[in-house]
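See below for the structure under consideration.
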Amino acid sequence: MRFIEWLKDVYTEERILAVTLIIVAVALLIFTLIAYMVRAESIFTSFFAVLCGGLGIMVACYDVGKIAAWVSVCLCLVLGGVLYLLLFSALRLRKMAAERKKRRAEISRRLQYTLPDRGNGYIRERLKTALKVDDAPENEEENKVSVRLGYARALLCKVQEAPLTVAERLQTEEIGKIFTLYKGKEGWKTEELRNLNDLCATLLKLSAKYAV
Numbered sequence: 001m002r003f004i005e006w007l008k009d010v011y012t013e014e015r016i017l018a019v020t021l022i023i024v025a026v027a028l029l030i031f032t033l034i035a036y037m038v039r040a041e042s043i044f045t046s047f048f049a050v051l052c053g054g055l056g057i058m059v060a061c062y063d064v065g066k067i068a069a070w071v072s073v074c075l076c077l078v079l080g081g082v083l084y085l086l087l088f089s090a091l092r093l094r095k096m097a098a099e100r101k102k103r104r105a106e107i108s109r110r111l112q113y114t115l116p117d118r119g120n121g122y123i124r125e126r127l128k129t130a131l132k133v134d135d136a137p138e139n140e141e142e143n144k145v146s147v148r149l150g151y152a153r154a155l156l157c158k159v160q161e162a163p164l165t166v167a168e169r170l171q172t173e174e175i176g177k178i179f180t181l182y183k184g185k186e187g188w189k190t191e192e193l194r195n196l197n198d199l200c201a202t203l204l205k206l207s208a209k210y211a212v
């Protein structure tokens, strides 16, 4: 209260300066909102410099008391500093919230394409088309079945063009070697068919992860 009474005494004879200071304060608030909406701290900094410079020129040009002049400039600087801190904090919180939302969306996308599960009909259907294998009895050592690896090999090529990690890159190279080994094979053992299905499932996991 004592400080407010002192300010009233300072600006009793400086009403034009007081009105100018109020206009500067309102303008700073508006520019703070604009800077927040466009997410640019530099906009606030630029306008703050312009307003403070304009206030300083006014104080120098008009017959303003020394105390009132210094108080006005100091109040402008204090208000600008407080608003800048608020703007900086708000923008950082906004950025953190956006990054957190992005991470959650990425986790959700990865969980959605986790293989295999009974509810993921789309991926299970791709798995059926990636490897065409006729049903074979479990008790036969070798089975004369028809296996088509064309789709799986084409999908492997697309996956290898994605930004894979080092481990994933080695994994796809190993899958490619096995596909090459099995190319043209006619007599298939039941265990070989199971291994091939596992490879295709792994390949589809990678394709879903990188949206290939």
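Heads up: the sequence shown begins at 1 in the working numbering, then just goes up one per residue. Where is the CB? At the ideal position from N, CA and C, for every residue including glycine.
With distance defined between alpha-carbon atoms, name the residue in the options nearest to residue i.
i, options, result
"V212", "L85, A152 and V73", "A152"
"T155", "L91, R92 and S207", "Before going further, note that residue 155 is Leu rather than Thr in the sequence given. Nearest C-alpha to L155: S207."
"L203", "K95, F3 and G176", "G176"
"F3", "L55, L75 and A167", "L75"
"F47", "P163, G81 and N195", "G81"
"I23", "R169, L149 and L51", "L51"
"K205", "L193, E168 and K189", "E168"
"T180", "T190, T165, L149 and D198", "L149"
Tell me which residues share the same chain as residue i and place their Cβ nearer than 7 Å to its Cβ, disregarding the 5 neighbours each side in the sequence.
i, result
"A25", "L79"
"V71", "V10"
"F88", "E41"
"A69", "V59"
"Q160", "T172"
"A35", "E41, I43, F44 and L87"
Where do the N-terminal and C-terminal ends of the alpha helix (DSSP H) with residue i fall, by residue?
i, result
"L7", "R2 to V10"
"E215", "Nothing about residue 215 can be reported from this structure: the residues present for the chain run from 1 to 212 only."
"L149", "That residue, L149, is in no alpha helix (DSSP H); it is neither H nor E in DSSP."
"Y36", "R15 to V38"
"E191", "T190 to K209"
Suppose the cutoff is 6 Å on Cβ atoms and the five residues either side in sequence are ignored; what does the same chain contact list for residue i look like?
i, result
"R118", "Interpretation of R118 is limited by its pLDDT of 45, a score under 50 that renders its predicted location unreliable; the figure taken from the coordinates is listed afterwards. Once the five neighbours on either side are set aside, R118 has no close Cβ partner at all."
"K158", "V212"
"P137", "Low per-residue confidence applies at P137: pLDDT is 45, beneath 50, and the placement is therefore not dependable enough to give any value."
"E141", "Because the pLDDT of E141 is 43, which lies under 50, any placement of that residue in the model is unreliable, and the number read from its coordinates should be weighed accordingly. Cβ within range, chain order: n/a, list empty."
Do residue j and residue i have their beta-carbon atoms positioned less than 8 Å apart in this structure?
i, j, result
"F31", "I16", "no"
"E14", "G65", "yes"
"Y182", "L170", "no"
"L85", "V73", "no"
"L7", "L83", "no"
"L91", "R39", "yes"
If you drop the 5 nearest sequence neighbours on each side, which residues of the same chain put their C-beta closer than 8 Å to that of residue i?
i, result
"L77", "C52"
"P163", "Y210"
"E106", "none"
Report the start-end ranges of each beta strand (DSSP E) in the stretch 43-79 that is 3 residues or longer and not cut off at the edges. The DSSP assignment places no complete run of the beta strand (DSSP E) inside the stretch 43-79 (cut-off: 3 residues).
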